[in-house]
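The sequence shown begins at 775 in our numbering and counts up by one.
Note sheet for the following structure.
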Amino acid sequence: MDQQGSEVVILGTAQDGGIPQIGCDCPHCKAAWKDESQRQLVTSLAIVDQGSKTFWLVDASPDLREQIHSLADSYPRFSLGGILLTHAHIGHYLGLAALGRESWNRIGLPILCTQQMGDFLRANQPWKQLVYLNNISLSMIAPGQKIVLGQALAVTPIAVPHRDELSDTMAFSIAGSTRRLTYCPDIDRWEGAILDEIMSADIALLDGTFYSSDELPGRDVSEIPHPCIVDSMKTFEGYKTEIHFIHLNHSNPLLSDERLVRHINSLGFGMTSRGQRHPL
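Quick look at the structure:
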């Protein structure tokens, strides 16, 4: 990255429960308990602006402490400008708790979120206390609204269909001086504006929770809908966009099956990994 450029850094790649997941003895979780190198942090991004020496997080995962530490190592004189939230499922906002007086005790850290997400935070503890004590300062954003983060860096929210029990759900278009990245870690199905956004982007990091629908025997996957990777690859066949999958569940065979990874690579798709960087 040049001294005035920007980039997106992958801070985690796992679904909300992380890997290993609590109470699970599946092969992936067993391996991760025995070998720390197999562990995966919960999905989150950093948007880094070299010009202002500032970074913004997309989502505050339960692994926020470790993710902030890794950024401090990689960008030692950079400051946290704020956090953008996609929605109110646990992997995407629980890290906000660490911003309170029991831990980091931030003062007025900007939290950019939709009105529904903001209403949820204001109405429920312990998030309500973060607002009351001014650990966080909520800034409302709306789909289609361009949010300028730097001289040549902007983010635009895109509404996407997802289980909206607590709030609505956003994807983000992140545009730098030369490239545009679409980030959509959670969605029920590929439809509407997000398809045009992905088609016109240079790179896209997309919901890869499940590889196929038979990963969770004994569970009704219709209760936790996500487009399976095998179906997403058909949807995006022929797209010129560079597409990588993120937000993998602990059941996903791509975590350990190198043959399967080579297969999706041969079809023009990729996987995300912690520390991966995408210049903008």
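The C-beta atom is built at its ideal place from N, Cα and C for all residues, glycine as well.
Nothing here was measured: the structure is a model prediction, and the numbers come from that model.
Own chain residues within Cβ distance below 7 Å of residue i, not counting five before or after
i	result
Val905	Leu895, Arg896 and Leu912
Glu810	none
Ala928	Lys920, Ile921, Val922 and Ala949
Identity of the residues DSSP links to residue i by a beta bridge
i	result
Ile932	Ala945
Asp981	Ile1020
Asp823	Ser780 and Thr828
Ile921	Val929
Gly786	Ser818
Inter-residue CB distance, residue i and residue j (contact presumed, cutoff 8 Å)
i	j	result
Ala945	Cys958	4 Å
Leu1022	Ala788	6 Å
Asp962	Arg937	7 Å
Ile842	Val782	Not quite, the Cβ-Cβ distance comes to about 16 Å (not below 8 Å), so this is no contact.
Nearest-angstrom Cα separation, counted from residue j out to residue i
i	j	result
Ala862	Gly1049	25 Å
Ile793	Asp988	19 Å
Pro836	Ile998	20 Å
Leu858	Pro884	9 Å
Gln824	Gly892	29 Å
Ile881	Trp807	36 Å
His866	Ser1040	31 Å
Leu1034	Asn879	44 Å
Gln925	Leu854	17 Å
His1018	Gly966	20 Å
Thr1009	Pro1001	10 Å
Gly856	Leu886	7 Å
Asp960	Thr943	8 Å
Ile1020	Ile784	9 Å
Ala834	Leu819	9 Å
Ala798	Arg813	A quick correction: the sequence has Cys, not Ala, at residue 798. If I take the Cα positions, the gap works out to 13 Å.
Phe1043	Pro935	23 Å
Lys827	Tyr849	8 Å
Asn909	Ser1006	39 Å
Ala846	Leu940	32 Å
Tyr1013	Ser1030	27 Å
Contacts around residue i, its chain only, beta-carbon distance under 8 Å, and the 5 residues preceding and following it disregarded
i	result
Gln919	Thr930 and Pro931
Lys1061	Here the chain covers residues 775 to 1054 and nothing more, so residue 1061 does not appear.
Ser1025	Cys800, His802, Phe984, Glu989 and Leu990
Pro900	Ala871 and Gly874
Arg953	Asp976, Ile977, His1052, Pro1053 and Leu1054
Leu1028	Gly982, Tyr985, Ile1003, Phe1019, Leu1022, Leu1034, Val1035, Ile1038 and Met1045
Under the three-state DSSP convention, the category residue i falls into
i	result
Arg880	coil
Gly892	helix
Trp830	strand
Tyr906	helix
Ser818	strand
Leu1054	coil
Asp970	helix
Ser1025	coil
Thr860	coil
Ser835	coil
Glu810	helix
Glu1011	coil
Ile961	coil
Ser732	In the structure displayed, the chain extends from 775 to 1054; residue 732 sits before or after that span and is not available.
Gly950	coil
Ala916	coil
Ser848	helix
Gly1044	strand
Ile793	strand
Phe1049	The sequence shown places Gly at residue 1049, not Phe. Three-state result, Gly1049: coil.
Ile885	strand
Residues near residue i in its chain [Cβ-Cβ closer than 6 Å; skip 5 each side]
i	result
Leu838	Gly869 and Ala872
Met914	Gln889 and Gly892
Ala933	Pro917
Trp964	Pro1001 and Thr1009
Gly779	Gln824
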